[in-house]
Amino acid sequence: SLQVNNHLHLVTTMSRPIPIEEMVETFKRNHKTSHLFKIDNFSLLKKHQIQRVESSVFNLGVHKWKIIVYPNGNNNANGYVSIFLENQHSVHVELEYQVYVVSQLMPQWHPKKNVKWNFGTSSTPIRKGFSKL
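In terms of full-length UniProt numbering, the sequence shown has 102 at position 102, counting the first letter as 1, and numbering is strictly consecutive.
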């Protein structure tokens, strides 16, 4: 069993007319263990009923992770945006993380509360996150 003491800050951005590069740089300076997952043309994903978008695999310490976004919600969360963090290792990890979303219309971060998750041991990736954003 391994406990990760760092906090992972997931940043999911949705493209919008106002550039967000400066916001992202400031955020990353203040949150050293962050990962940015930018989704361009997010409204088109919703419009065309794209079920799922995945980030590439990224490292946090010695662990590999992936962000999975359901633009129209997953399972019983139809009409919402669902965001999950998926552990790519089959070892137990305890991780506290927070998701920040930048909307298309307003240049401000919309944080979700810190959540501490236990990613247990499994032969398949374990996914934890928010179903209804």
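Backbone N, C-alpha and C define an ideal beta-carbon position, used for all residues, glycine too.
Where residue i falls, given that 16 or more other Cβ within 10 Å makes a residue buried
i	result
Asn87	buried
Ser90	exposed
His48	exposed
Leu44	exposed
Asn74	buried
Alpha-carbon to alpha-carbon, residue j and residue i
i	j	result
Pro17	Asp40	Caution applies to Pro17, whose pLDDT of 48 falls short of 50 and renders its modelled position unreliable; the value that the coordinates give is listed next. Going from the Cα of Pro17 to the Cα of Asp40 covers about 11 Å.
His92	Ser56	21 Å
Gly61	Lys132	29 Å
Ala77	Phe130	10 Å
Arg29	Val99	16 Å
His35	Leu85	11 Å
Glu54	Val24	20 Å
Ile126	Glu22	33 Å
Asn59	Phe119	15 Å
CA nearest to the CA of residue i, picked from the options
i	options	result
Phe27	Val101, His48 and Ser82	Val101
Phe42	His35, Asn59 and Tyr80	Tyr80
Glu96	Ile68, Asn72, Lys128 and Ser90	Lys128
Tyr70	Leu85, Met23, Glu94 and Arg52	Arg52
Proximity of residue i and residue j at Cβ, strictly below 8 Å
i	j	result
Ile67	Ile50	no
Asn72	Lys46	yes
residue 134	Glu94	In the structure as shown, the chain begins at 1 and stops at 133. Residue 134 is therefore absent and cannot be evaluated.
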